[in-house]
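Novice:
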Amino acid sequence: MKTKILEFVGLLRKAGLRITSGEVLDCLVAIKILGFEKETFFNCLQTTLVKETKDLKVFYKIFHLYFQDYLEIKEINKFLQKYPQFTGTEKAFSLNADRKGIARSGVGGPTPDLFYAITQGEFASLQKHIELLVQKQMDLSIDEAFYNVESITRNIQIELEWFMALSKLERTLECNLISLEYYQKLLVELDHLKEWIKTKIEGKIIEKYDSEALEKIAESENLYKKDFICLNPNQVQELEKRIRQLGAKLATKKSHRLRPAKNGRVDLRRVVKVALQCGGIPIKLKFVNKKVCKPQLVLLCDISGSVAQFSRFMLQLVYLSQAAFRDVKVFVFIDHLVNVTDLFKHMDIDDILAELPYLTKVSETGYSHFGNVFNEFYHGFIDILNDKTTIIILGDARNNWRPSGLSYLAEMKQRCYRLIWMNPQPREEWNSKDSIIGIYEKNCSKVFECRNMEQLEGLIKKIF
Amino acid sequence: MFKNPNDVIKKLELENYLINDKIATSVFLACSLNKPLLVEGPAGVGKTELGKAIAHATDGNLIRLQCYEGLDEAKALYEWNYQKQLLYILSMHKTEGVLWKDIKESIYEPDFIFERPLLKAFLSDKPTILLIDEIDKSDDEFESFLLEALSEYQISIPEYGVIKAKSCPFVLLTSNNQRQLSDALKRRCLYLYIDFPDIETEVAILTLRVPELKRELACKLVAYVQTLRKLDLRKAPSIAETIDWAKAIIALGKDDLDKETIQKTINLLVKYYQDLKKVERKILS
């Protein structure tokens, strides 16, 4: 069992959980105390190995996949190797579907009514039907299934007419045909059913790819190392929580300058001054402590396609840490520059982000044009720069073979304290095709690759 | 302290604090392994109450340290009584035959130390439950001060030496996840996440805390609160607020939940104007 636990810890580490040897030891001691009873075993592992809320979901998933699906499948395979006459049993699971998606459910036979099933508690036939749907989806896309569990789940939901059932449920509540309490219970049932579908899909992947699948699934759960562009909506939501924490941290970051404070280092000069009132006896101590630093920031965010998600994170971060800066100016662009600083001052961040796609002024052609953006900045806003300003540009420098506007960027660099470029494109793709980051690099203080949360966090620490 | 997880459930139930197996296992393991327990979860799910309930259930001494921005070791661990040291130096200075060397050594004795909550917990003769509340509100530096105390159950005072705990206190840290805690701190703790309870548990909590409330009404209240929690409000109503709401409805003499009562009392559950608008738009209308 020790080996299995260590193997499991290995998977968790691949999924981004930072587990030390000490924590593994705690886990083994905890299991020794409480034993292997299923529920207790799960609780022991969770309480000793997971230390962050965001990791809980990953832990549940990997635990379920490893200790239930993976080990169970291994046991079944062992059994089948020993008794090959039983290998035919899987055929009973074969499909009736036409595999063209023409039939209503695609798997033959009528689709069980989801609304009826959940309100009447008729889950048996529904589950059987879902298993067939999962099999059908996996037949269609098993090779891409590693990274598409969410979309496969959604496809199955659509085939089950899930959202129609949900709306029917809401209407039933509105017409007072069911109580609010019962409605809540049904929603919980639906959540469970959705999770069950997901685990079925993952079970199928593991069945086919064995431990390789487990590792890939674990890796795909590592939010911190996942490219911004590959994040699904749930993962974006999870990272937004981290962005909020990062923003709060940035807003209270301290500089090396000191100021009078209630605690900290003794300020001898003030102690002596106050001591004069007490006949020279330093009866009261006075202190100095570090002051919150406030740099000036100008942020230029490319909000076109591939960079959009990263820009949204950065905008959130800057919005939440506005207090950390003496002055913040925020611009967004695609092929034209738009100053959104006022929105930052008067609107909620969710509203600002919702507004971004509707800023028609940022885009004329829909393709990035850095040269024009730098030109517009130079002619419209160059005066806001001074020797204390940090400029951060977020973009992939893919200029669509248009003029680079390098002279304007050089002038911007001249006028500010430092100019930092964050590029969400993989480093190996820099300077290929229409990427001209190499040309811009000469006029930047520093260019960083910033494709995922891990890199973003590291950069924030470096820059501020 | 506790014999097994079931014992935790039973003892805490006697203190009117209902828990599930998961919480019981974490509390039991924290006691057995002598490790601090870091409890996270939304505001108002009963994290602080858990500490209080454990203290009552084990007849222990509860010492609470409320964290805030700017909290330092002088407020949490110990502080030298500077004025007393000064007086001592002045009084001894005039005594004949006393050398400065002797005075210098004697002013750094425990007599001149102000004991703050952490040191108090370590020096207590009674079994102690140390509740470090809302650790996420303190600064990074404060977390570093805690590291030695939480792993070795000792405090190093540079001028005096090491003070070891007389008996290891049960340490419970709570956090609302406002900022990420350091890996070093998390590594030293066991972890427990308390989420909002399911309908049945919340009804049980409500009927336990407000005994005059009928079960039927309790079910309706809880169903309503659970619906609000699904609305993605800026601040979801907590268990504590559900209890307050139930008390308010009892105080108003209502024995059923109608639209008018909800409208009159919704401010007990929803605490932001935007949230109120959202609730009015989506549910009350």
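Chains as they are written, first to last, in the numbering used here: chain Z, 366 to 829; chain H, 952 to 1236.
Cβ coordinates follow ideal geometry from the N, Cα and C atoms, glycine included.
1. Spell out whether any CB of chain Z is found under 8 angstroms from the CB atom of residue 1023 of chain H.
2. Report the start-end ranges of each beta strand (DSSP E) in the region 1043–1103 of chain H that is 3 residues or longer and not cut off at the edges.
3. Taking 7 angstroms as the limit between beta carbons, can you name the residues of its chain near residue 992 of chain H, skipping five residues before and five after?
4. Buried or exposed: which applies to residue 324 of chain Z, given that a residue is buried once 16 or more other Cβ atoms fall within 10 Å of its Cβ?
5. So, for residue 467 of chain Z: in the same chain, excluding its five sequence neighbours on each side, which residues have a beta-carbon less than 8 angstroms away from its beta-carbon?
6. From what residue to what residue does the beta strand (DSSP E) around residue 1144 of chain H run?
7. Identify, in the order they occur along the chain, each residue of the same chain with its Cβ nearer than 8 angstroms to the Cβ of residue 630 of chain Z, setting aside the five sequence neighbours on each side.
8. Residue 1120 of chain H and residue 1073 of chain H - do their beta-carbons sit closer together than 8 angstroms?
9. Work out the CA separation of residue 1115 of chain H and residue 966 of chain H for me, nearest whole Å.
10. Taking 8 angstroms as the CB-CB limit, is residue 1166 of chain H close to chain Z?
11. For the region 399–416 of chain Z, enumerate the residues whose C-beta is nearer than 8 angstroms to any C-beta of chain H, in chain order.
12. So, at 6 angstroms on beta carbons, what are the nonlocal neighbours of residue 963 of chain H in its own chain, with the 5 sequence-adjacent residues on each side left out?
13. Given residue 677 of chain Z, which residues of its chain have a CB within under 7 angstroms of its CB, disregarding the five upstream and five downstream residues?
14. Listed in chain order, which residues of the region 531–551 of chain Z have Cβ atoms closer than 9 angstroms to some Cβ of chain H?
15. Kindly indicate which three-state DSSP category residue 958 of chain H falls into: helix, strand or coil?
16. So which residues of chain H does residue 677 of chain Z contact, with C-beta pairs closer than 7 angstroms?
17. Which residues of chain Z have a Cβ atom closer than 7 angstroms to the Cβ of residue 983 of chain H, listed in chain order?
18. Per the contact definition of three or more C-beta pairs closer than 8 angstroms, is the region 706–715 of chain Z in contact with the region 741–751 of chain Z?
19. The alpha helix (DSSP H) that contains residue 518 of chain Z, what's its start and end?
20. Using 8 angstroms as the limit for Cβ to Cβ distance, is residue 1082 of chain H near chain Z?
21. Determine the closest residue to residue 548 of chain Z out of H/1067, H/1171, H/1188 and H/1102, with distance taken between C-alpha atoms.
22. Bridge partners for residue 1105 of chain H per DSSP, in chain order?
23. Report the rounded CA-to-CA distance for residue 367 of chain Z versus residue 533 of chain Z, giving the unit in angstroms.
24. Against residue 484 of chain Z, what residues of chain H qualify as contacts under a CB-to-CB distance less than 8 angstroms, listed in chain order?
25. Exposed or buried, what is residue 730 of chain Z when buried is set at 16 or more other beta-carbons lying within 10 Å of its beta-carbon?
26. Less than 6 angstroms between C-beta atoms, sequence neighbours within five positions excluded: which residues of the same chain meet that for residue 1123 of chain H?
27. Considering only the alpha carbon of each residue, which of Z/798, Z/588 and Z/567 lies closest to residue 499 of chain Z?
28. Using a Cβ distance threshold of 8 angstroms, determine whether the region 756–765 of chain Z contacts the region 801–812 of chain Z, with at least three qualifying pairs required.
29. Apart from the five residues on each side of it in sequence, which residues of its chain come closer than 6 angstroms, Cβ to Cβ, to residue 671 of chain Z?
30. In chain H, which residues lie less than 9 angstroms from residue 381 of chain Z when you measure between Cβ atoms?
31. For the region 1141–1212 of chain H, which segments carrying the beta strand (DSSP E) assignment without a break, of at least 3 residues, lie completely within its bounds, in sequence order?
32. Within 8 angstroms of any Cβ in chain Z, is that where the Cβ of residue 1170 of chain H sits?
33. Note down, in chain order, every chain H residue with its Cβ under 8 angstroms from the Cβ of residue 632 of chain Z.
34. Would you tell me roughly how many angstroms separate the C-alpha atoms of residue 807 of chain Z and residue 797 of chain Z, rounded to the nearest one?
35. Nearest chain H C-beta to residue 650 of chain Z closer than 8 angstroms, yes or no?
36. Taking the C-alpha atoms as reference points, what is the distance between residue 1061 of chain H and residue 981 of chain H?
Specialist: This is what the structure gives:
1. yes
2. 1064–1066 and 1079–1084
3. 998, 1144, 1145 and 1146
4. No answer is possible for residue 324 of chain Z: it lies beyond the span of chain Z, which begins at 366 and ends at 829.
5. Confidence is the limiting factor: at residue 467 of chain Z the pLDDT is only 32, short of 50, which leaves the residue's position unreliable and the question unanswerable from this model.
6. 1141–1144
7. 623, 652, 653 and 654
8. yes
9. 31 angstroms
10. no
11. 399, 404, 405, 408, 409, 411, 412, 413, 415 and 416
12. 970, 1004 and 1008
13. 718
14. 544, 545, 546, 547, 548, 549 and 550
15. helix
16. Result: empty, since nearest Cβ-Cβ is about 18 angstroms, beyond 7 angstroms.
17. 398
18. no
19. 514–524
20. no
21. H/1171
22. H/1115
23. 49 angstroms
24. Within chain H, no residue comes near residue 484 of chain Z; the closest Cβ sits about 16 angstroms away, beyond 8 angstroms.
25. exposed
26. 988, 1002 and 1082
27. Z/567
28. yes
29. 594
30. Ordered by position in chain H, no residue passes the 9 angstroms Cβ test against residue 381 of chain Z, which lies about 13 angstroms from the chain.
31. 1141–1144
32. yes
33. Under the 8 angstroms cutoff, chain H gives no residues; its nearest Cβ is about 14 angstroms from residue 632 of chain Z.
34. 17 angstroms
35. yes
36. 31 angstroms
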